[in-house]
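Visitor:
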Amino acid sequence: FRREMGGYRVLGRVWGGWWRGPGVGSARKVAGFGTEARRQLQPRGSSKRSGSLGNQSFPGLLQPENLSREELVDVLRASVVDQKGPLVTLNKPQGLPVTGKPGELTLFSVLPELSQSLGLGEQELQVVRASGKETSGLVLLSSCPQTASRLQKFFAYSRRAQRPTATYWAVTDGIPAASEGKIQAALKLEYVDGVGSVVPVKSPSRKDILEGVKRTLSHFRVVATGPGCALVQLQPVTVFSSQLQVHMVLQLCPVLGDHRYSSRVGTVLGQRFLLPAESTKPQKQVLDEALLRRLHLTPAQAAQMPLHLHLHCLHLPGTRPRDAPIELLAPLPSYFSRTLQCLGLCQQ
24 FRREMGGYRV
34 LGRVWGGWWR
44 GPGVGSARKV
54 AGFGTEARRQ
64 LQPRGSSKRS
74 GSLGNQSFPG
84 LLQPENLSRE
94 ELVDVLRASV
104 VDQKGPLVTL
114 NKPQGLPVTG
124 KPGELTLFSV
134 LPELSQSLGL
144 GEQELQVVRA
154 SGKETSGLVL
164 LSSCPQTASR
174 LQKFFAYSRR
184 AQRPTATYWA
194 VTDGIPAASE
204 GKIQAALKLE
214 YVDGVGSVVP
224 VKSPSRKDIL
234 EGVKRTLSHF
244 RVVATGPGCA
254 LVQLQPVTVF
264 SSQLQVHMVL
274 QLCPVLGDHR
284 YSSRVGTVLG
294 QRFLLPAEST
304 KPQKQVLDEA
314 LLRRLHLTPA
324 QAAQMPLHLH
334 LHCLHLPGTR
344 PRDAPIELLA
354 PLPSYFSRTL
364 QCLGLCQQ
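Under the numbering used here, the first residue of the sequence shown is numbered 24, with each subsequent residue one higher.
1) When you compare the region 250-261 with the region 184-197, are there three or more beta-carbon pairs, one atom per stretch, that lie closer than 8 Å?
2) Run through the region 116-169 for me and flag every whole beta strand (DSSP E) of 3 or more residues, listed as ranges in chain order.
3) Could you pull out every residue in the same chain whose Cβ sits closer than 7 Å to the Cβ of residue 80, ignoring the five residues on either side in sequence?
4) Report yes or no: do the region 151-161 and the region 108-128 share at least 3 C-beta pairs separated by less than 8 Å?
5) Assuming residue 243 and residue 198 are in contact, meaning their beta carbons sit under 8 Å apart, how far apart are those beta carbons, in whole angstroms?
6) Is it true that the region 218-225 meets the region 328-336, where meeting means three or more beta-carbon pairs spaced less than 8 Å apart?
7) Could you give the first and the last residue of the continuous beta strand (DSSP E) run that contains residue 296?
8) Could you spell out the range, first to last residue, of the beta strand (DSSP E) harbouring residue 191?
9) Skipping 5 residues on each side, what residues in its chain have a beta carbon closer than 6 Å to that of residue 258?
10) Helix, strand or coil for residue 369, going by three-state DSSP, please let me know.
11) Output the distance between the C-alpha atoms of residue 175 and residue 102, rounded to the nearest integer angstrom.
12) Below 6 Å CB to CB, which residues in the same chain sit around residue 368 once its five sequence neighbours on both sides are set aside?
13) So residue 328 and residue 363 are supposed to be a Cβ contact under 8 Å. How far apart are they, rounded?
14) Going straight from the alpha carbon of residue 305 to that of residue 227, what length do you get?
15) List the endpoints of the continuous alpha helix (DSSP H) containing residue 270.
16) By the DSSP assignment, the beta strand (DSSP E) with residue 322 in it spans what residues?
17) Per DSSP, what are the beta-bridge partners of residue 243 in this structure?
18) Which residue marks the beginning of the beta strand (DSSP E) containing residue 218, and which one marks its end?
19) Going by C-alpha to C-alpha distance, which of 264, 143, 185 sits closest to residue 167?
20) Name the DSSP beta bridge partners of residue 248, please?
21) Rounded to a whole number of angstroms, what is the C-alpha to C-alpha distance between residue 281 and residue 129?
22) Rounding to the nearest angstrom, what Cα-Cα distance links residue 146 and residue 316 in this structure?
23) Taking residue 318 as part of the alpha helix (DSSP H), name the residues at either end of that continuous run.
24) Would you check if the distance between the CB atom of residue 96 and the CB atom of residue 353 is smaller than 9 Å?
25) Out of 177, 240, 164, 301, point me to the one whose CA is closest to residue 263's CA.
26) Write down the C-beta distance between residue 337 and residue 266 rounded to the nearest angstrom, noting that I regard them as a contact closer than 8 Å.
27) Could you compute how far the alpha carbon of residue 215 sits from the alpha carbon of residue 302?
28) From the DSSP output, read off the bridge partner residues of residue 350.
29) Counting along the chain, where does the beta strand (DSSP E) carrying residue 105 start and finish?
30) If I follow the unbroken beta strand (DSSP E) through residue 290, where does it start and stop?
31) Just verifying my parser: in three-state terms, what is the DSSP assignment at residue 186?
32) Starting from residue 304, trace the alpha helix (DSSP H) both ways and give me its first and last residue.
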């Protein structure tokens with residue numbers, strides 16, 4: 024995997040000609056988060072929807088609950104990163120669920136209208152790969168069932184072979200002890216009063232595995248650091264609900280805006296430690312005063328901070344085994360870029 028933060032480069036062509044062309048997005052290479060990179064952060068047309076966007080503390084933050092179906096389709100169309108053949112790549116806003124209950128406004132619920140808006144006619148889009156509700160970044164859609172099936176098999180094979188295909192960027196409260204490495208943990212999903220929460224399981228037994236406990240693995244690399252914070256690259260090998268958030272909590276470095284799992288990290292005399300996950304209730308993330316000052320936020324504003332976890336890159340296979348893969352890249356949200364600038368992470 025390339026180590027630089029951004030930039031578009033054609034690395035190959037995808038199977039059998041269902042994606043051919045000049046490449047994903049622009050051919051311009053962007054190193055780091057300089058001026059040229061920041062110009063790409065605002066989705067096309069989003070400035071016209073000021074009523075659905077956040078305040079100056081979190082610029083460009085979408086508020087899906089304030090959108091109609093038609094407005095959401097407009098937002099998604101403006102967030103298209105690339106469209107070639109049957110494949111459509113979106114840069115999903117943070118806070119937008121992919122699926123949900125019947126009647127809820129989700130990405131899945133407006134796929135028929137989005138297909139029409141993109142000129143696909145009767146070829147309705149289906150989700151191939153997507154980031155979660157609280158995560159921003161890449162969503163891969165396909166209007167061809169055969170293409171979708173091929174890609175899903177590729178992703179499944181890559182997981183079995185322990186080859187990461189996705190790269191996330193995260194801003195963390197705290198700095199990991201190691202500059203890079205692996206995070207391994209057995210996780211299970213528990214429900215309390217109808218609310219799901221992921222908890223780690225020490226030394227899972229065979230019975231635990233049969234009952235839904237999963238061994239998870241992520242690679243991480245610290246890209247930049249500042250006083251009490253870091254920009255971290257994350258590459259999950261396995262797929263599990265909230266895997267990356269929980270993995271960073273186990274590193275005592277919760278992701279900024281993690282209002283569900285960050286409360287599991289306690290501090291005594293400046294030393295961090297893990298609290299028991301089963302007995303620690305979710306609560307709004309609490310940041311120290313120094314970090315709040317650098318972010319120019321009040322505690323009340325920090326309690327509304329979006330999760331700073333972004334699916335930045337996906338790798339797809341080439342046409343033939345020897346062909347280089349294609350990289351799909353999604354620019355960072357504006358609020359994410361603002362955070363990097365405030366913390367001085369974008370200059371390193």
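For every residue, glycine included, the Cβ atom is placed at its ideal position computed from N, Cα and C.
Guide: The structure says:
1) Three or more beta-carbon pairs drawn from the region 250-261 and the region 184-197 are found closer than 8 Å, and the two stretches are therefore classed as touching.
2) Counting only runs of 3 or more, we get 149-153, 159-165.
3) The residues are 320, 324.
4) Yes, since at least three Cβ pairs between the region 151-161 and the region 108-128 fall closer than 8 Å, the two stretches touch.
5) Residue 198 and residue 243 do not touch by the CB rule: their CB atoms are close to 12 Å apart, not below 8 Å.
6) Taking a cut-off of 8 Å on C-beta distances, the region 218-225 does not touch the region 328-336, as fewer than three cross pairs fall below it.
7) Segment 294-297, the beta strand (DSSP E) holding residue 296.
8) Element bounds for residue 191: 189-196.
9) Cβ neighbours of residue 258 beyond the five flanking positions: 187, 190, 242.
10) Three-state DSSP puts residue 369 in coil, outside helix and strand.
11) Between residue 175 and residue 102, the C-alpha separation is close to 23 Å.
12) If we look at residue 368 and ignore the five residues flanking it on each side, its Cβ neighbours are 247, 249, 254.
13) Contact between residue 328 and residue 363 is absent: CB atoms are separated by about 14 Å, not below the 8 Å threshold.
14) About 24 Å.
15) Start and end: 266-273.
16) Element bounds for residue 322: not the beta strand (DSSP E) but the alpha helix (DSSP H), 322-325.
17) Note: residue 243 sits in a beta bridge opposite 204, 257.
18) Residues 218-224.
19) The shortest Cα separation from residue 167 among 264, 143, 185 belongs to 143.
20) 253.
21) Just so you know, the alpha carbons of residue 281 and residue 129 end up roughly 21 Å apart.
22) Cα to Cα, residue 146 sits roughly 50 Å from residue 316.
23) In the DSSP annotation of this structure, the continuous segment of the alpha helix (DSSP H) that includes residue 318 starts and ends at 312-318.
24) No, Cβ-Cβ distance for residue 96 and residue 353 is not below 9 Å.
25) The shortest C-alpha separation from residue 263 is found at 240.
26) For a cut-off of 8 Å, the C-beta gap from residue 337 to residue 266 is around 16 Å, too long to register as a contact.
27) Cα to Cα, residue 215 sits roughly 11 Å from residue 302.
28) Note: residue 350 sits in a beta bridge opposite 338.
29) Segment 103-107, the beta strand (DSSP E) holding residue 105.
30) Following the DSSP letters along the chain, one finds residue 290 inside the beta strand (DSSP E) bounded by residues 288-291.
31) Residue 186: coil per DSSP, three-state reduction.
32) Residue 304 -> no alpha helix (DSSP H), and no H or E assigned at all.
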